[in-house]
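For the record, in the sequence shown the residue sitting at position 8 is 147 according to this note's numbering, with numbers rising by one throughout. Just so you know, even glycine gets a beta-carbon here, dropped at the ideal spot from N, CA and C. Here the structure is a predicted model, which means the values were calculated and not measured.
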Amino acid sequence: MTTGNLIAKLRAHRAAEERLKQARRELDVEITRVVDSGEWQIIDVAEVTGWSRETIRAIVKRVQQERWAEADRKRSSTPPDQLGEL
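Here it is as structure tokens:
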């Protein structure tokens, strides 16, 4: 393998890792959506994914906390006269 091949393979690997990270994030958001909406119960998501109920609960909790933190950031950066528009 030439140096160029090694670098190309490394770049491809890093790009794949980023795609995987994004796909996992999208899956976590969708899991949270279906659990929060009541479409699915945690036990059903656990059965489909093969993950434990505790893992599913942790995913839902993390995504919810990230959303709340983002909402807090938006509120704290919004001028008081525009708070009603959120």
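Contact between ARG196 and ILE181 is confirmed by a C-beta separation of about 6 angstroms, below the 8 angstroms threshold. With a cutoff of 7 angstroms on beta-carbon distance, ASP167 and ILE198 are scored as near each other. If you look at GLY143, you'll find it in the alpha helix (DSSP H) that goes 142 to 176. Cβ-Cβ separation between VAL184 and VAL174: approximately 6 angstroms, consistent with a contact (criterion under 8 angstroms). The C-beta of THR141 has fewer than 16 other C-beta atoms within 10 Å across all chains shown, which makes the residue exposed. When secondary structure is reduced to three states using DSSP, SER191 falls in the coil class, being assigned neither helix nor strand.
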